[in-house]
Every structure is written in structure tokens, then in C-alpha cells.
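Asks: Residue numbers (the working numbering): 5 to 95.
#1: On a Cα-Cα basis, can you pick out the residue from 35, 63, 48 that is closest to residue 71?
#2: Verify whether the separation of the beta carbon atoms of residue 47 and residue 62 is less than 7 Å.
#3: Roughly how many whole angstroms lie between the Cα atoms of residue 44 and residue 10?
#4: Three-state secondary structure (DSSP) at residue 14?
#5: Distance check for residue 29 and residue 20, CA to CA, integer angstroms please.
#6: What do you get for residue 83, buried or exposed, if any count of 16 or more other CB atoms within 10 angstroms of its CB means buried?
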């Protein structure tokens with residue numbers, strides 16, 4: 005199952021987040037050092053978009069989900085940042 009939500013605060017600011025969870029098979033549980041019964045992910049983020057400026061940030065974590073080197077990581081942590089400026093109105 006999973007869910008997500010976002011809320012526009014006004015002034016160009018939006019905040020959001022999400023969560024997902026899934027049962028793992030016994031084969032998946034014994035495939036690597038990630039022995040958990042469930043694969044889970046969650047994240048939170050926000051953005052600002054006004055006056056040709058776009059700024060966004062997100063933080064997320066997964067457990068028993070992300071593959072690497074023929075295995076599955078117990079936990080991952082991710083940060084994503086974006087900054088943009090639209091120069092289209094300059095000329």
C-alpha cells in the first residue's frame with residue numbers, strides 16, 4: 005500500500021510527502037543482508053516557485069528495498085536539491 009499528499013501553502017510554496025510499504029517474499033528476505041519482512045519507503049519535500057525562481061528539496065529513506073552489488077540495502081537515505089532560474093523574460 006502507499007499514499008502521498010501535497011499542500012499548497014500559497015506564496016509559491018508547496019509541501020508534500022509520501023509513504024509506501026510492501027510485503028517481501030521469503031526469498032527476498034534471505035537474498036542479502038536485508039532480512040526485513042517489509043520493503044518501505046517514505047519522503048518529504050517542498051518547493052518554492054515564483055518570479056522565475058524555482059527551488060526544491062526532498063529527503064527520503066528506504067528500508068529493504070534498494071538493490072546494490074547483487075544485494076539489497078538495509079536502509080538508504082537520499083537528499084535531492086534543485087535550483088533554477090528562468091532567463092526567458094530578459095530579452
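Note that the Cβ used here is the ideal one computed from N, Cα and C, for glycine as well. No experiment lies behind these values; they were computed from the predicted model shown.
Replies: The short version:
#1: When each option's Cα is compared against that of residue 71, the closest is 35.
#2: Cβ distance < 7 Å, so residue 47 and residue 62 count as in contact.
#3: Each residue's Cα considered, the two are about 20 Å apart.
#4: In the structure shown, residue 14 sits in a strand (DSSP, three-state: E or B).
#5: Between the C-alpha atoms of residue 20 and residue 29 there is a straight-line separation of about 30 Å.
#6: Classification of residue 83: exposed, given that the 10 Å Cβ count is below 16.
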